[in-house]
Structures are given as structure tokens and as C-alpha cells.
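Start counting the sequence shown at 266; every next residue gets the next number (my numbering). Backbone N, C-alpha and C fix where the C-beta goes; we use that ideal spot for every residue, glycine too. Just so you know, these numbers come straight off a predicted model, no measurement behind them. Notes follow the structure.
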Amino acid sequence: MARSFPLAGLLRLRHLQQDQAAGKLAAANARLQDNGRSILQARTLLGETVSEVSDAAALQAVAAARASSRGMLADLQALEQLRQGEAEQARLAFQQARAQAVALEKLEARHAGAAAAEELHGEQVVLDELASGAWQRGEAAR
266 MARSFPLAGL LRLRHLQQDQ AAGKLAAANA RLQDNGRSIL QARTLLGETV SEVSDAAALQ
326 AVAAARASSR GMLADLQALE QLRQGEAEQA RLAFQQARAQ AVALEKLEAR HAGAAAAEEL
386 HGEQVVLDEL ASGAWQRGEA AR
């Protein structure tokens, strides 16, 4: 029977870390997309602001609405940069977790190959002993 991979527990841990990093990356990308939709909505609202003014009070209201929309758009754009940084950090963390898991997966594959070769060698030794015993019995019978 082949012996088990001695680093199997660590490999499971690395896979869990990789899954966790993938989840964080997906969440960061979702937040980035949500923020992109918010920016699009803010730009649409800013472009749809009524520019027809009948008196000074209406002019002040339009100016205040535009200033507020521009401020909101500036905040959303700053948040966009923050979200992009978070997404980049999450991507790098995922890549690092994946690289660690792949390194252990390669070790596991190498171990499995060595264990299979060892098992085959053991079987070959048994077959050789059986064959030489049968050959010797055949020689003794002559």
C-alpha cells in the first residue's frame, strides 16, 4: 500500500487559503463594479439636470444641484480608485495563495509518482522471485 502524502494537511490548508483569497477577490471585483454603476448613474443624473431657469431662485437651485452632483461624482471617483487598489491587492493575494498551492500540488504529484514506482518495483521483485522459484523447480525436475 502506498504511503500517504506527508504534507496533505498543509495542502488542504493552502487550498482553503486559495478559496478564501478567491472569495475576497470576487467581493472586491463586485464592489468595484457596483461603484462603476454608481458613477454611471451620477453622470447620467448630472447630464439630465434641468438647465431651463425662470428666476434667480431656480438658478440657485440648479447650481446647487449641479454642485452637489459634481461633489458626489468626485467622491465616487475617489472611491473608485480605492476600490481598484483593493481589487489589485486581492488579486495579488489570490495569486500568492495559488502559487503556494501549486507548489504543494507539484510535490504531491511527485510523491504520488515515487510511491507508484516504489509499489511497482515491489510487485516486480515478487514476480521475479516467483518466476525464479518456478524456474528452479523446473530445473530440479529434469
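Subject >> Own chain partners of Leu310 with C-beta closer than 7 Å, once the 5 adjacent residues on each side are dropped >> reply: Against the sequence shown, residue 310 aligns to sequence position 45. Excluding residues within five positions, the ones whose Cβ falls inside 7 Å are Ser334.
Original post:
Secondary structure at Ser269, three-state DSSP: helix, strand or coil?
Top reply: On the sequence shown, position 4 is the one that residue 269 refers to. Looking at Ser269 - three-state DSSP - the assignment turns out to be coil, as it is neither helix nor strand.
**OP:** Report the three-state DSSP secondary structure of Val318 (helix, strand or coil).
**Re:** Start at 1 with the first residue of the sequence shown, and residue 318 comes out as number 53. In the structure shown, Val318 sits in coil (DSSP, three-state: anything other than H, G, I, E or B).
Original post:
Run through DSSP, which three-state label would Glu353 get?
Top reply: Numbered from its first residue, the sequence shown carries residue 353 at position 88. Three-state DSSP puts Glu353 in a helix.
**OP:** Measure how close the beta-carbons of Ala380 and Arg277 come, nearest whole angstrom, since I'm counting them as under 8 Å.
**Re:** Taking the first residue of the sequence shown as position 1, residue 380 is located at position 115. Taking the first residue of the sequence shown as position 1, residue 277 is located at position 12. Contact doesn't hold; Cβ gap of about 19 Å is too wide.
Original post:
Measuring CB to CB, does Gln283 end up less than 9 Å from Gln354?
Top reply: For the purposes of this step, residue 283 is taken as residue 18 along the sequence shown, with counting starting at 1. For the purposes of this step, residue 354 is taken as residue 89 along the sequence shown, with counting starting at 1. No.
Subject >> Cβ-Cβ distance between Ala352 and Leu290 below 9 Å >> reply: For the purposes of this step, residue 352 is taken as residue 87 along the sequence shown, with counting starting at 1. For the purposes of this step, residue 290 is taken as residue 25 along the sequence shown, with counting starting at 1. The answer is yes: Cβ separation under 9 Å.
**OP:** With DSSP collapsed to three states, give me the class of Glu394.
**Re:** Counted from its first residue, the sequence shown places residue 394 at position 129. In this structure, Glu394 counts as helix in the three-state DSSP scheme.
Subject >> Assigned secondary structure, Glu313 (DSSP; H/G/I helix, E/B strand, else coil) >> reply: Against the sequence shown, residue 313 aligns to sequence position 48. Correct three-state label for Glu313: coil.
Subject >> For Met337 and Gln346, the rounded distance between their alpha carbons >> reply: For the purposes of this step, residue 346 is identified with residue 81 of the sequence shown, where counting begins at 1. For the purposes of this step, residue 337 is identified with residue 72 of the sequence shown, where counting begins at 1. Computed Cα separation, rounded: 14 Å.
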